[in-house]
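Below: the structure, in structure tokens.
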Amino acid sequence: MEIAEKVHLLIIGSGPAGYTAAIYAARANMNPVLYQGIQPGGQLTITTEVENYPGFPDGVQGPEMMVHFEKQAKRMGADIRYGLATKVDFSSQPYKVQIDEEKWIEADAVIISTGASAKWLNIPSEQRLNGFGVSACAVCDGFFFRNKEVAIVGAGDTAAEEALYLSKLCTTVHMIVRRDEMRASKVMQERVKNTPNIKIYWNSETDEILGEDRVSGVRIRNNKTNETQEVPISGFFVAIGHTPNSDIFKGFIDMDETGYIKTIAGTSKTNLEGVFAAGDVQDKIYRQAVTAAGSGCMAALDAERYLAAKGHI
Ligand code: NDP
28 MEIAEKVHLL
38 IIGSGPAGYT
48 AAIYAARANM
58 NPVLYQGIQP
68 GGQLTITTEV
78 ENYPGFPDGV
88 QGPEMMVHFE
98 KQAKRMGADI
108 RYGLATKVDF
118 SSQPYKVQID
128 EEKWIEADAV
138 IISTGASAKW
148 LNIPSEQRLN
158 GFGVSACAVC
168 DGFFFRNKEV
178 AIVGAGDTAA
188 EEALYLSKLC
198 TTVHMIVRRD
208 EMRASKVMQE
218 RVKNTPNIKI
228 YWNSETDEIL
238 GEDRVSGVRI
248 RNNKTNETQE
258 VPISGFFVAI
268 GHTPNSDIFK
278 GFIDMDETGY
288 IKTIAGTSKT
298 NLEGVFAAGD
308 VQDKIYRQAV
318 TAAGSGCMAA
328 LDAERYLAAK
338 GHI
């Protein structure tokens with residue numbers, strides 16, 4: 028393996044956690060290098076308004092907020108790069124991270140802030156029609172289905188939020204809920220239930236998404252009665268939660284059974300000294316922009332102490 032570059036601190040991922048780590052690390056003269064991954068700005072770039080991030084009394088658009096995060100990190104001197112970490116070798120120090128399947132970088136310390144990605148139902152018709160009417164992001168793709176009928180599967184806050192968003196664009200939103208209740212917060216549930224053009228199918232699952240080249244309908248199965256019905260739709264949205272983006276660290280970093288990186292309570296430390304984790308990749312409970320940013324700050328401070336103790340900075 029040929030090493031192209033050696034850095035003190037490598038930050039992988041560009042959501043609130045990664046950028047906040049970069050801001051703190053740059054201000055502490057750690058010369059951080061941050062690789063943005065395939066979705067620069069992370070999940071907030073595919074949301075609309077963020078109303079609960081402190082400091083924005085009138086709310087802020089998610090994509091706009093992430094532009095601010097990036098600008099702030101750059102202004103502090105962080106080296107922000109477009110590129111994807113594709114492999115790691117953490118078997119010895121300095122740690123090695125491969126970028127875009129070609130270039131290897133060595134780092135004295137690494138902050139993993141790779142976030143989480145949308146889950147899919149994993150039925151063949153969903154894969155076949157992905158991009159042809161099947162989407163995991165109503166905010167990104169809802170526009171294409173204005174004045175049409177769509178379906179959405181899921182019953183958490185994301186599904187509720189996306190169903191409400193779609194209800195403003197589409198004629199009818201068919202919401203497929205697998206139990207007889209929703210997981211979403213009470214206030215979101217009430218909003219969904221009080222929206223006349225959202226039709227909820229309780230105890231229901233997606234049997235099949237219909238359509239040859241494009242989505243034309245969905246076959247919904249009631250899991251109590253086993254009865255099925257076909258509903259004509261043009262768009263099918265999946266909003267059933269997320270999986271942490273931690274695959275490349277398997278075998279090196281301790282994780283729970285669902286792939287969330289384990290950190291030592293109250294810190295950003297992983298099982299490997301000098302490797303820290305922040306944001307949604309290590310948090311399946313809070314998953315908020317502000318908690319991700321907070322944990323990014325913790326990771327930078329932990330990294331600073333580590334690098335100083337080892338005499339690297
Ligand atoms: P959640 O894990 O909270 O919810 C996932 C939903 O999808 C559940 O209703 C679940 O059903 C359903 N589901 C999972 N797998 C399947 C499947 N294979 N088929 C059908 N349905 C399935 O994920 P969210 O993305 O909604 O939310 C994640 C976190 O982010 C939560 O803590 C949420 O509160 C928060 N959030 C907050 C927002 C806000 O405050 N504005 C906005 C968006 C998210 P079941 O209930 O039966 O398990």
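In our numbering, the protein residues as written are 28 to 340.
Here a beta-carbon is modelled for each residue, glycine too, at the ideal position from N, C-alpha and C.
Taking the beta strand (DSSP E) that residue i belongs to, which residues open and close that run?
i, result
"R205", "Unbroken run through R205: none, as it is neither H nor E."
"H339", "Note, H339: premise wrong, no beta strand (DSSP E); not H, not E."
"E235", "231-237"
"P271", "269-271"
"F264", "262-265"
"D307", "Looking at the DSSP string, D307 is not in any beta strand (DSSP E), and its letter there is neither H nor E."
"D168", "First-last for D168: 165-168, but that is the alpha helix (DSSP H), not the beta strand (DSSP E)."
"E32", "30-39"
"E97", "Here E97 belongs to no beta strand (DSSP E); instead the alpha helix (DSSP H) covers 89-102."
"E133", "130-139"
"S144", "143-145"
Quick one: using the 10 Å Cβ neighbour count with 16 as the cut-off for buried, is residue i buried or exposed?
i, result
"K98", "exposed"
"Q63", "buried"
"A53", "buried"
"D281", "exposed"
"S212", "exposed"
"Y109", "exposed"
"I203", "buried"
"G89", "buried"
"K114", "exposed"
"I179", "buried"
"D310", "buried"
"H95", "exposed"
"S118", "exposed"
"A187", "buried"
"D307", "buried"
"A292", "exposed"
"E189", "buried"
"C167", "exposed"
"Y333", "buried"
"P359", "Residue 359 falls outside the range modelled here, since the chain spans only 28 to 340, and no answer is possible."
"P84", "exposed"
"I312", "exposed"
"I247", "buried"
"Q70", "buried"
"G262", "buried"
"I288", "buried"
Anyone know if the C-beta pair for residue i and residue j falls short of 7 Å?
i, j, result
"A335", "A48", "no"
"I236", "S152", "yes"
"I132", "E32", "yes"
"A136", "A305", "no"
"N56", "H35", "no"
"A143", "H269", "yes"
"D184", "M215", "yes"
"F159", "R241", "yes"
"V177", "L193", "yes"
"G8", "T198", "Residue 8 is absent from the model: the chain starts at 28 and stops at 340."
"L61", "I107", "yes"
"E232", "N250", "yes"
"A105", "Y122", "no"
"V200", "I227", "no"
"L196", "R173", "yes"
The ligand GTP heavy atoms versus the CB of residue i: any closer than 6 Å?
i, result
"A182", "By its list of ligands, the structure shown excludes the ligand GTP, since it contains just the ligand NDP."
Which residue marks the beginning of the alpha helix (DSSP H) containing residue i, and which one marks its end?
i, result
"A187", "184-196"
"G45", "43-54"
"R155", "151-155"
"V242", "Counting along the chain, V242 falls outside any alpha helix (DSSP H), and DSSP gives it neither H nor E."
"K277", "Element bounds for K277: n/a, residue is neither H nor E."
"R210", "Run containing R210: none; DSSP gives neither H nor E here."
Name the one or two DSSP bridge partners that residue i has.
i, result
"I282", "In the sequence as presented, Ile is not what sits at residue 282; that position holds Met. I288, per the DSSP bridge assignment."
"D116", "K123"
"N249", "S231"
"Q256", "I247"
"R173", "R173 is not bridged to any residue."
"R108", "Y62"
"K296", "F303"
"E76", "Q88"
"K220", "Answer by DSSP bridge pairing: none, since K220 is not bridged."
"A178", "H201, F263"
"V161", "N157, F263"
Determine whether the Cβ of residue i lies closer than 7 Å to any Cβ atom of chain C.
i, result
"G181", "Looking at the structure shown, chain C is missing, and only one protein chain is on hand."
Would you please state the rounded distance, in angstroms, between the beta carbons of residue i and residue j? I believe it to be under 8 Å.
i, j, result
"A316", "Y80", "5 Å"
"D127", "L148", "Not a contact, Cβ separation roughly 30 Å."
"S273", "A44", "So it is not a contact: roughly 13 Å between Cβ atoms."
"I139", "V302", "7 Å"
"A266", "G181", "4 Å"
"E257", "G244", "5 Å"
"M93", "T72", "5 Å"
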